[in-house]
Amino acid sequence: MKEISEVAKKYKLIILSDEIYSNLTFEGKYKSISNFYPEGTIVSSGLSKWCGAGGWRVGFFAVPNRLSSFLDSIKTLASESYSTVNSPVQYAAVEAYNGDHQEYKAKTTNILRSVGNYVYNHLKSNKVLINPPQGAFYLMPEFLNTNFKNSEELCEAILNETGVAMLPASEFGFSPKKMMTRLSYIDFNGSEFLKAPINGKMLENKIIEKYAPNIVEGVEKLSIWAKKQ
């Protein structure tokens, strides 16, 4: 990112940095490109990811003083796109941004890290290429030795044969011919999971099996399906 910021500085580019997942990194603290190019970076973020509040759409732009003239244009664009954020979400945002939620974020991050590694360890094989999770709640498994025209067809087959729903990687910029999918591993009851004995260590499999049974079952079905290919 430092190298990118140097190019941006040279050509006086404006960077819009989407950092919605910045509070959900597993190894070390996330470093924003605004650390290297603060005068030219607009940072965007929101509540839905780190709060586990999918659908509660409220976010913000952090605009440097040097780019304050853009605010009027942003406001105009916003007014033409939507009228206002609904009241319940605004009250939730006040609570979220006023409080100290470090303990909550530490627990949820550990849950996601542990579940992600469970999926990774139980799915990787000579039939599935997959990288270990580094943050958020997604993995991108690539299924080898399959005979499908594209990744969309692959996802349809897996859904029909296993009941596991994933998105084709072609929706995220990959070639349709690459047999890769995006797998989300948050099919569990978060409020119940937070009651589990959680510390800074990776959670034991038995805890994941208790609080995330759908994930366990889905990974097992995927692994069996892949081995048959």
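Residue numbers (the working numbering): 17 to 245. Note that beta-carbon positions come from the ideal geometry of N, C-alpha and C, so glycine has one too. On a predicted model such as this, the values are computed, not experimentally measured, just so you know.
Item, Value
"C-alpha distance - N137 paired with Y27, whole-angstrom precision", "44 Å"
"Euclidean distance between Cα positions of E55 and I146", "37 Å"
"Local conformation of R82 per DSSP, three classes", "helix"
"Pick from E43, G70, E187 and V232 that is closest to A108, judged by C-alpha positions", "G70"
"Extent of the continuous beta strand (DSSP E) run through R198", "T197 to S200"
"Delimiting residues of the alpha helix (DSSP H) encompassing G62", "No alpha helix (DSSP H) contains G62, which is instead part of the beta strand (DSSP E) from T57 to G62."
"R129 to S85 span [Cα, whole Å]", "40 Å"
"6 Å Cβ shell around N221 - same chain, five flanking residues per side excluded", "none"
"Close Cβ partners of F42 (< 8 Å) along its chain, the five nearest in sequence each way excluded", "T125, L128, R129, G132, P149, Q150 and G151"
"Other residues of its chain near K123: CB distance less than 7 Å, five sequence neighbours each side excluded", "L210 and I214"
"DSSP bridge partner residues for V144 (one or two, in chain order)", "F159"
"DSSP-derived helix/strand/coil call for L210", "coil"
"Outcome for Y201 when other beta-carbon atoms lying within 10 angstroms are tallied against a minimum of 16", "buried"
"Chain-order list of residues whose beta-carbon lies under 8 Å from that of R73 (same chain, five-residue window excluded)", "G62, S64, V101 and V105"
"Close-in-space but distant-in-sequence residues of the same chain around L219 (CB under 6 Å, 5 per side omitted)", "S130"
"Identified DSSP bridge partners for T41", "G151"
"Residue nearest to L32 in terms of C-alpha spacing, selected from L40, I49 and K243", "I49"
"Selection from E158, D203 and A181 that minimises the alpha carbon distance to P192", "E158"
"Secondary structure of D203, DSSP reduced to three states", "coil"
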